[in-house]
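**Student:**
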Amino acid sequence: MYEEPYRWVEAVGNRRQYLDEQFKQGSPVVALTYEGGILLTTVSKGTPKLYEIYDRLALGGMGHPTDLEKLRFSLLEMAHVEGFNRSPSDVTGARLVKYGIAPVIKQAFEEVYKAPFIVRILVAELGLKPEKDALLTINYDGTFEETTGCAVLAATPAAQTKMTAYLKEQKPAILSLDQALDLALRAWAIGSLAHQQDESDQRADADPQGSKSGATAGAVPGIDALMEHIRNIAGGRTIECAVLERQAPGSSKYRALKPSDLSRLLPTALQSIVAS
Amino acid sequence: MVIGSPSITVHVLRLTFNEVKMGMQGDFLQLLKEQGYTLSVPAAMGAGHAMTNATTILAFKYRDGVLVAGDRRATAGNMVMYDRTDKVLEIDRHSVMAIAGVPATAYEMVRVLEHSFKYYRRTQLQELSFDGKLRAVSKLLKDNVPAALAGTGAVVPVFAGYDLEQGAAKIFFYDILGAEFEGVEYAVSGSGSPTIRGILHYLNTWGDQPLNQLPQEQAMVQALRLLTSAAEFDSATGGVNREASLYPVIKLITGAGVETVPDTTLKPLYESQVVRYV
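Protein sequences appear in the order of chains E and R. 54 is the number that my numbering gives to position 54 of the first sequence; each next residue is one higher, with no gaps. Just so we're on the same page, my numbering is the position in the second sequence counted from 1, plus 1000.
As structure tokens, this is what we get:
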């Protein structure tokens, strides 16, 4: 029945709705360039969401862990075979995304008889020079975007816009790793809160008798509110951080930050999370 | 119904096979092979002339870890082809392979190993164990046997590294067929190695202190002396050429990782403790 064009468009529309629903529980991912390289941050529950792909490439993801694993393996395979057959400098994020996984994700999304990939992916690439740093994001339908400076994955487009706007507004020209971590976590909290707000608005719409929550949708919460939110949520979860460091020894530039690194780098308002 | 049942059985078997294959993930060489890669080119019939392993490489344990050193000469017959070869190659942050033999094959092996270890770590989210790394070297040498026997691709490496799990430095040497032997205190390879093998034995047994007690600086001095001795008796081993400020490659592997000793450190050591003006 999907042979009819109208049915097909309808089926893809349904699929979009279904997929949007799947990301509701997802935790945002933030990538930010800082003076020494690129920082990736998220707050994860159970399965890790940040990974090393190649010498200068890192991956952040949202969505179903198994789908993320499948695509992670494809990326790893492509990157390593290419790096071996040609050279490590020929392995670029843009090539892997544009000619590698984005077409695969798009195809899976449009083949309405098969299961789509429930993923949003962020690929961070550390350039030889800071101006060559690149951040790519891919949506579940295969659309990708290339940006510099900062990039985010979030549950809804609205949350994503809020996070990006916050990062653009708050990001100074040069920032150290601890400053970057502070800012990235605040942006994460913006995304997480924006998403909670969406949910409660929806509930409120469904139940007109219920009282609207006090916070107005448009206002950006203050730093204390953001830190409070992280403290509330991060209790049973892990603050996950990874960096691509330009000055790291050897060819692999990826490093996952350990709890000991975090306790040194986290803003004082969040120190208690790591200590406990 | 009866006719249909065998195909179902086959299907189930294939599923099981695929699950087994899942367990093998992280094997980069297998991935390359699936794409049609072969390490060594099958040698032409009758091409069986022996090639010498014209070089000297050595590894010994010292107080802080393991020292690996090699001269820098590459030869073809009696010709010196290149005097700045690096035969002590870093595979990852904690392991080094020193090579004697045909450089084309040896460099290719190092490239395969480097990618294999990284691929394993990144896919499996844990470091390949030290034993796993040793086994990977063995497997490559085994794949290379036809070329080694034909005389076009023999490689006799020394693999040294720091086993982080056990907190110990380790040295292994191989024959061209891939058999692996643990060099408890030291290992040597290449045409200049017979000369220094005896010296290492003597030093370790009757020296002022066993090699594994030597502090870093003394270990470097001994390495320079050993390579100078090898160059004295082996034309295919390049010694130190001070005019061209050409020093051997010396790498130190400790718990902190691999460190290449810069020429600026080797120069004063060589001048004060190796040169004899008789």
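In this text, a Cβ means the ideal position worked out from N, Cα and C, and glycines have one as well.
Compute the distance between the beta-carbons of R:Val1080 and R:Ile1250, then report whether it is under 9 Å.
**Tutor:** Start at 1 with the first residue of the second sequence, and residue 1080 of chain R comes out as number 80. Start at 1 with the first residue of the second sequence, and residue 1250 of chain R comes out as number 250. Their beta carbons are not under 9 Å apart, which means R:Val1080 does not touch R:Ile1250 by this criterion.
**Student:** With distances taken between CB atoms, is the gap from R:Tyr1174 to R:His1094 smaller than 9 Å?
**Tutor:** Position 174 of the second sequence, counted from the start, is the residue given in the question as residue 1174 of chain R. Position 94 of the second sequence, counted from the start, is the residue given in the question as residue 1094 of chain R. Cβ atoms of R:Tyr1174 and R:His1094: not closer than 9 Å.
**Student:** Within the same chain, show all residues whose beta-carbon is closer than 6 Å to that of R:Thr1260, passing over the 5 residues directly before and after it, in chain order.
**Tutor:** Taking the first residue of the second sequence as position 1, residue 1260 of chain R is located at position 260. Taken in chain order, the residues that qualify are Lys1251.
**Student:** Only counting the same chain, and skipping five residues up and downstream in sequence, which positions put a Cβ closer than 6 Å to that of E:Gly210?
**Tutor:** On the first sequence, residue 210 of chain E is found 210 positions in, with the first residue counted as 1. Note that E:Gly210 scores 47 on pLDDT, short of 50, meaning its location in the model is unreliable and no value can be drawn from it.
**Student:** To which residues does DSSP link R:Val1096 through a beta bridge?
**Tutor:** Residue 1096 of chain R sits at position 96 when you count from the first residue of the second sequence. According to DSSP, R:Val1096 bridges with R:Glu1090 and R:Ala1160.
**Student:** For the segment 252-268 of chain E, list every residue whose C-beta sits within 8 Å of some C-beta in chain R, in sequence order.
**Tutor:** Per Cβ criterion, the list reads Ser252.
**Student:** What would DSSP say about R:Gly1048, mapped onto helix, strand or coil?
**Tutor:** Here residue 1048 of chain R corresponds to residue number 48 of the second sequence, with the count starting at 1. With a pLDDT of 47 at R:Gly1048, under the threshold of 50, the modelled position of that residue is not reliable, and no figure is offered here.
**Student:** Helix, strand or coil for R:Tyr1062 per DSSP?
**Tutor:** Numbered from 1 along the second sequence, position 62 holds the residue referred to as residue 1062 of chain R. Three-state DSSP puts R:Tyr1062 in a strand.
**Student:** If you drop the 5 nearest sequence neighbours on each side, which residues of the same chain put their C-beta closer than 8 Å to that of R:Ala1168?
**Tutor:** Start at 1 with the first residue of the second sequence, and residue 1168 of chain R comes out as number 168. Only Tyr1162 meet the Cβ criterion.
**Student:** From R:Thr1195 to R:Leu1058, what distance separates their C-alpha atoms?
**Tutor:** Translated into positions along the second sequence, residue 1195 of chain R becomes position 195. Translated into positions along the second sequence, residue 1058 of chain R becomes position 58. Between R:Thr1195 and R:Leu1058, the C-alpha separation is close to 11 Å.
**Student:** Does DSSP put R:Ile1176 in a helix, a strand or coil?
**Tutor:** To locate residue 1176 of chain R, count along the second sequence from 1; it is residue 176. It is coil, neither helix nor strand.
**Student:** For E:Leu128, which of E:Thr92, E:Val97 and E:Ile138 has the nearest alpha-carbon?
**Tutor:** Here residue 128 of chain E is taken as the residue at index 128 of the first sequence, counted from 1. Nearest C-alpha to E:Leu128: E:Thr92.
**Student:** Along the segment 1107-1123 of chain R, what residues have a CB closer than 7 Å to any CB found in chain E?
**Tutor:** Cβ contacts with chain E come from Arg1111, His1115, Lys1118, Tyr1119, Arg1122 and Thr1123.
**Student:** R:Ala1050 to E:Val30, Cα distance in whole Å?
**Tutor:** Here residue 1050 of chain R refers to the residue found at position 50 of the second sequence. Here residue 30 of chain E refers to the residue found at position 30 of the first sequence. Note on R:Ala1050: pLDDT 48, under 50, position unreliable in the model; the coordinate value appears next. Cα to Cα, the separation comes out at about 59 Å.
**Student:** Taking 9 Å as the CB-CB cut-off, is R:Gly1257 touching chain E?
**Tutor:** In the second sequence, the residue the question calls residue 1257 of chain R occupies position 257. Yes, contact with chain E.
**Student:** What does the alpha-carbon distance come out to for the pair E:Tyr254 and E:Leu57?
**Tutor:** Taking the first residue of the first sequence as position 1, residue 254 of chain E is located at position 254. Taking the first residue of the first sequence as position 1, residue 57 of chain E is located at position 57. Straight-line Cα distance between these residues: approximately 7 Å.
**Student:** Less than 9 Å between the C-beta atoms of E:His159 and E:Leu135, yes or no?
**Tutor:** Against the first sequence, residue 159 of chain E aligns to sequence position 159. Against the first sequence, residue 135 of chain E aligns to sequence position 135. Residue identity differs from the one stated: residue 159 of chain E is Ala in this sequence, not His. No. Outside cutoff.
**Student:** Among E:Gln22, E:Asp55 and E:Gln196, whose alpha-carbon lies nearest the alpha-carbon of E:Arg246?
**Tutor:** In the first sequence, residue 246 of chain E corresponds to position 246, counting from 1. Per the Cα distances, E:Asp55.
**Student:** Is the Cβ of R:Lys1021 closer than 9 Å to any Cβ of chain E?
**Tutor:** As a working note, residue 1021 of chain R is residue 21 in the second sequence. Only weak support is given to the placement of R:Lys1021: the predicted model assigns it a pLDDT of 47, under 50, and the value that follows is read from those uncertain coordinates. No, because no Cβ of chain E sits closer than 9 Å to the Cβ of R:Lys1021.
**Student:** Quick one: which chain R residues come within Cβ less than 9 Å of E:Leu76?
**Tutor:** The count along the first sequence starts at 1 and reaches residue 76 of chain E at position 76. Here the neighbours are Tyr1119, Arg1122 and Thr1123.
**Student:** Chain R partners of E:Val81, CB-CB under 8 Å?
**Tutor:** Residue numbering aside, residue 81 of chain E sits at position 81 when the first sequence is read from its first letter. Chain R residues near E:Val81: Leu1031, Leu1032 and Gln1035.
**Student:** In the DSSP assignment, find the unbroken alpha helix (DSSP H) run with R:Leu1203 in it and report its ends.
**Tutor:** Taking the first residue of the second sequence as 1, we reach residue 1203 of chain R at position 203. Here the alpha helix (DSSP H) through R:Leu1203 covers Ser1193 to Trp1206.
**Student:** Taking only the alpha-carbon atoms, compute the straight-line gap between E:Arg7 and E:Ser176 and give it to the nearest angstrom.
**Tutor:** Here the question's residue 7 of chain E lines up with position 7 in the first sequence. Here the question's residue 176 of chain E lines up with position 176 in the first sequence. Rounded to the nearest angstrom, the two C-alpha atoms are 52 Å apart.
**Student:** Run through chain R and tell me which residues come within less than 8 Å of E:Pro249, C-beta to C-beta.
**Tutor:** Indexing the first sequence from 1 puts residue 249 of chain E at position 249. What E:Pro249 touches in chain R: Arg1093 and Gly1257.
**Student:** For R:Leu1226, report the span of its alpha helix (DSSP H) as first-last.
**Tutor:** Taking the second sequence and counting its residues from 1, the one referred to as residue 1226 of chain R is at position 226. Unbroken alpha helix (DSSP H) run through R:Leu1226: Gln1216 to Phe1233.
**Student:** Between the C-alpha atoms of E:Tyr166 and E:Thr41, what's the straight-line distance to the nearest angstrom?
**Tutor:** Position 166 of the first sequence holds residue 166 of chain E. Position 41 of the first sequence holds residue 41 of chain E. E:Tyr166 and E:Thr41: Cα-Cα distance of roughly 16 Å.
**Student:** Looking at C-alpha atoms only, which residue of E:Asp198, E:Ser87 and E:Asn139 is the closest neighbour of E:Gly63?
**Tutor:** Locating residue 63 of chain E in the first sequence gives position 63, counting from the first residue. Nearest C-alpha to E:Gly63: E:Asn139.
**Student:** Have a look at E:Arg15 and E:Phe109 and give me their C-alpha separation to the nearest angstrom.
**Tutor:** Translated into positions along the first sequence, residue 15 of chain E becomes position 15. Translated into positions along the first sequence, residue 109 of chain E becomes position 109. Looking at the two C-alpha atoms, the distance is approximately 8 Å.
**Student:** Just how far apart, CA to CA, sit E:Ser27 and R:Ala1154?
**Tutor:** Walking along the first sequence from the start, residue 27 of chain E turns up at place 27. Walking along the second sequence from the start, residue 1154 of chain R turns up at place 154. One C-alpha to the other measures close to 53 Å.
**Student:** By Cβ distance below 8 Å, which residues in the same chain neighbour E:Thr156 in space, the five residues on each side in sequence not counted?
**Tutor:** To locate residue 156 of chain E, count along the first sequence from 1; it is residue 156. Correct list, in chain order: Asp20, Phe23, Ala194, His195 and Asp198.
**Student:** Quick one: what's got a C-beta closer than 8 Å to E:Ser74's C-beta in the same chain, skipping five residues either side?
**Tutor:** The residue given as residue 74 of chain E occupies position 74 in the first sequence. So the list reads Gly100, Ile101 and Val104, once near-sequence residues are dropped.
**Student:** Terminal residues of the continuous beta strand (DSSP E) containing E:Ile118?
**Tutor:** Here residue 118 of chain E refers to the residue found at position 118 when the first sequence is read from its first residue. E:Ile118 -> no beta strand (DSSP E), and no H or E assigned at all.
**Student:** When you compare only the Cα positions, how much space is there between E:Val274 and E:Gly236?
**Tutor:** Position 274 of the first sequence, counting from 1, holds the residue named residue 274 of chain E. Position 236 of the first sequence, counting from 1, holds the residue named residue 236 of chain E. Each residue's Cα considered, the two are about 11 Å apart.
**Student:** Closer than 6 Å by C-beta to R:Lys1118: which residues in its own chain qualify, once you throw out the five before and the five after it? Chain order, please.
**Tutor:** The residue given as residue 1118 of chain R occupies position 118 in the second sequence. Once the five neighbours on either side are set aside, R:Lys1118 has no close Cβ partner at all.
**Student:** The beta strand (DSSP E) with E:Ser27 in it runs from where to where?
**Tutor:** Translated into the one-based positions of the first sequence, residue 27 of chain E becomes position 27. Run containing E:Ser27: none; DSSP gives neither H nor E here.
**Student:** Determine the chain B residues that contact R:Phe1130 at a beta-carbon separation under 8 Å, and present them in chain order.
**Tutor:** Judged by its chain identifiers, the structure shown contains no chain B, and its protein chains are E and R.
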